Amino acid sequence: MILEVSATVATITLDRPDNGNRIDAEMADALGEACRVIAENDHLQLVVLTATGAVFSIDEENETAERPGMGSDTPRKPGAPAQVAGLAVPVLVALNGDATGSGLELALAGDLRVCVPSARFGFTGLARGVLPQDGGTQRLPRLVGPAWARDMLLTGRMVDANEALSIGLVNRVTEQPGGLAAAVAELTAHITEGSPIGARYAKEAVGKGMDLTLDQGLRLEADLNVILHSTSDRAEGIKSFLEKRDPEFTGS
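When you line the sequence shown up against the working numbering, it's residues 85 to 336, in that order.
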């Protein structure tokens with residue numbers, strides 16, 4: 085796994101194409117360490133999660149020996165998807181190919197997903213008596229709804245890129261050659277133009293709000309706005325608008 089950190093963007097690249105970038109114990113530990121490094125950097129505005137090779141991450145879901153906690157009564161420590169989902173900064177997943185099993189669970193932990201036209205997605209483990217164990221049964225229905233989640237989980241079928249787009253599993257499907265890099269660059273530009281602290285609060289409002297009643301979610305939104313209004317970024321946003329110039333946010 086490769087971690088690259090610039091002034092505002094961190095890029096995590098799964099780099100084991102020889103084994104399909106499988107999320108084994110070694111890869112999970114490396115992802116956890118990358119998340120710890122990212123969490124300590126207050127200047128980051130975006131994390132891009134991608135992979136090398138022809139697939140993003142595939143897992144036949146029948147090789148359980150190397151997956152921490154499988155077959156054990158011992159409570160599992162948080163897996164890589166939980167650590168990715170727990171990042172305060174938005175996470176953009178750039179899917180360069182298929183994502184199955186634990187690879188799809190990792191992709192679901194991001195905030196935005198963009199994929200190439202050839203990408204396919206699925207949970208095939210039920211045919212072998214294996215359930216997703218890193219949040220797949222919980223994050224998938226929150227993203228695509230319970231009906232589509234049941235469809236994918238119970239049938240174990242592979243969903244192609246266009247269907248994934250139609251059900252909300254991915255946000256964009258690239259078309260032209262080199263389109264994945266272009267889409268990532270475009271989304272990165274849009275996200276990093278905004279207030280860093282505002283983006284983090286937006287992620288928090290949506291993420292926590294999914295588990296709240298509407299009234300509770302509205303109160304959370306109001307509370308976050310009160311905090312945001314006291315920040316330097318909020319003042320800079322108003323000042324730059326009045327002065328008709330681009331804002332210079334600091335994330336404070």
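For each residue, glycine too, the CB sits at the ideal point set by N, CA and C. Nothing here was measured: the structure is a model prediction, and the numbers come from that model.
### Task
Run the CB neighbour count on G104, radius 10 Å, all protein chains shown included, and call it buried at 16 or more, exposed below.
buried
### Member of Q222, V200, G240 whose CA lies at the smallest distance from the CA of R212
G240
### Query
How big is the Cα-Cα spacing for P280 and T92?
9 Å
### Query
Looking at C-alpha atoms only, which residue of L130, R106, A135, G293 is the closest neighbour of T184?
R106
### Query
Excluding the five sequence neighbours on either side, which residues of its own chain have a C-beta within less than 7 Å of the C-beta of L321, listed in chain order?
It should be noted that the sequence gives Gly, not Leu, for residue 321. Within the same chain, G321 has close Cβ partners S279, P331.
### With 16 other Cβ atoms within 10 Å as the buried cut-off, status of G262
exposed
### Query
Excluding five sequence neighbours on each side, which residues of the same chain lie with their C-beta closer than 6 Å to the C-beta of L237?
F207
### Task
Determine the DSSP secondary structure at T184, reduced to helix, strand or coil.
strand
### Task
Give a yes or no on whether the C-beta atoms belonging to T258 and A267 are separated by under 7 Å.
yes
### Task
Quick one: grab the DSSP three-state call for M154.
A caution first: M154 carries a pLDDT of 46, below 50, which makes its placement in the model unreliable, though a value can still be read off. Three-state result, M154: coil.
### Query
With DSSP run on the structure shown, which of helix, strand or coil describes D276?
Asp is not the amino acid found at residue 276; the sequence shown has Thr there. Of the three classes helix, strand and coil, the one that applies to T276 here is helix, per DSSP.
### Message
Quick check: the Cα distance between M154 and T95, rounded to an integer number of angstroms?
### Response
Residue confidence for M154 is low, a pLDDT of 46 falling below 50, so the modelled location carries little weight; the figure read from the coordinates is stated next. C-alpha separation (whole angstroms): 29 Å.
### V254 beta carbon less than 7 Å from that of R204
no
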